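Beneath this line is the structure, given in structure tokens, with notes to follow.
Residue numbers (my numbering): 755 to 1185.
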């Protein structure tokens, strides 16, 4: 929190200094009747808005830090334990990259199959009587028949033509829906496999951290997933798909309604928004329960439904600490993203300003900030998964202990020595 406060204040001060420096240079050039580049004027306006926005964000963050500083005692030990876990299992940092590679390969395969479906036309044959359209001076030949209904003259005595048309089979229309559902389900399945591997690795380390092989925890989790838990992962991802598809359909209908000139009644739009919000909340709830259910599966080896019930009971029995982790813990992780973004953006702005070939350096600064925030989000999202898993492991391990004893156990575990780490939980079996 101290580093984030310093980074926010320093980044805001640097933005105001940059704006002031650009403004002074523009004013001196104007007084000397030297023309000012339009990019320089854009820099002045852009950095003024940057400085104002950064000031508002800094004030809000500092106020939140002041009000939440007393709740950090419990989280500090949990964060220390999470950092200890990632220190012992550095291969967990490769999981987002591996998941991205699998998702990219699946999306390429999906696009190729969709292109095949788009061109999946089959030749269809039909017999056509020779005919000519009726003109203003058309004469009916002896072997011709006038058909006023269709406006043409047909020749029934002549041989029929065979017309070939490429038609869209009925099964292709159904396959569009199948592949749309498959896109969502498979994507969620790949993401769920990542969560299962992380949960299994952390649970195995939590109970059996005496092993020195850093890759053994991830390998153990992957083997358990492939041997026993693919069905549970498929069921969990299917539940998310069931709630996600209606939300996407309703979102599409809402967008079409907004784009239409006749936007419909306000009651219909409000109803659509409420339904979208409800499905979004349900999807988030199922996703959160799934993540904790995967942790219980990794610990107890039970099926998905039993593990989801166990996870829900454990979370509801520790609702205050769960709220603290999800509220203040997520806020602290957000502060970490802000620190990385502010530090990287300030560093990039410093180098861009000293680049004589670059006139408008607000755009590359924005790109650097967005990219650094994305990288920080990927890393800290992994950190959040590990933190939630360790907390659920701690609750499972000390379910019968009093509240104060649980916190004491977590504190002792977070502050233990490497020798104690190797000897702890040596006799606890892994299910």
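Idealized CB from N, CA, C, for every residue including glycine. Everything numeric in this text was worked out from a predicted model, so none of it was measured.
Within the same chain, Cβ atoms closer than 6 Å to the Cβ of residue 815 are found at 762, the five residues on either side in sequence being excluded. Here residue 938 has 995, 998 and 999 as same chain residues with Cβ atoms under 7 Å from its own Cβ, once five neighbours each way along the sequence are excluded. Under the 10 Å beta carbon count, residue 1091 is surrounded by 16 or more other beta carbons and is classified as buried.
In this chain, the alpha helix (DSSP H) harbouring residue 958 covers 924-961. Restricting attention to beta strand (DSSP E) runs no shorter than 3 residues, the stretch 999-1085 encloses none. In the DSSP annotation of this structure, residue 1109 is not part of any alpha helix (DSSP H), being labelled neither H nor E. Assignment of residue 852 by DSSP, reduced to helix, strand and coil, places it in the helix class. Secondary structure of residue 873 (DSSP, three-state): coil. When secondary structure is reduced to three states using DSSP, residue 810 falls in the helix class. When the alpha-carbon of residue 974 is set against those of 1133, 986 and 961, the nearest one is in 961. Its Cα nearest to that of residue 1120, the residue 1102 stands out among 1131, 1129, 1102 and 1132.
Below 8 Å, enough C-beta pairs join the stretch 1134-1148 and the stretch 1046-1061 to call them touching: three or more. A residue is called buried when at least 16 other Cβ atoms come within 10 angstroms of its Cβ; residue 855 does not meet this threshold and is exposed.
Assignment of residue 1133 by DSSP, reduced to helix, strand and coil, places it in the helix class.
For residue 845, no alpha helix (DSSP H) run applies, since DSSP gives it neither H nor E. By the Cβ rule, the stretch 942-957 does not count as touching the stretch 923-933, because fewer than three pairs are nearer than 8 Å.
Residue nearest to residue 1089 within the set 943, 865, 1127 and 805 is 1127 (criterion: CA-CA distance). The shortest CA-to-CA distance from residue 982 to any of 832, 833, 871 and 1054 is the one to 1054. Bounds of the alpha helix (DSSP H) holding residue 974 are 970-978. Put simply, the backbone Cα of residue 1098 is about 35 Å away from that of residue 958. With the rule of 3 Cβ pairs closer than 8 Å, the stretch 857-873 counts as touching the stretch 929-944. Of the candidates 1074, 993 and 1003, 993 places its Cα closest to the Cα of residue 1036. One Cα belongs to residue 800, the other to residue 1020, and the distance between them is close to 38 Å. Taken atom to atom, the span from the alpha-carbon of residue 977 to that of residue 802 is near 55 Å. Note on geometry: alpha-carbon atoms of residue 952 and residue 970 lie some 13 Å from one another.
When 765, 955, 845 and 781 are compared, the shortest CA-CA separation from residue 806 is found for 765. Around the Cβ of residue 1147, a 10 Å sphere holds 16 or more other Cβ atoms; the residue is buried. Per the coordinates, the alpha-carbon of residue 841 lies some 21 Å from the alpha-carbon of residue 1093.
Spanning the alpha carbons of residue 1012 and residue 1026 requires a straight line of approximately 11 Å. Cβ-Cβ separation between residue 768 and residue 1100: approximately 5 Å, consistent with a contact (criterion under 8 Å).
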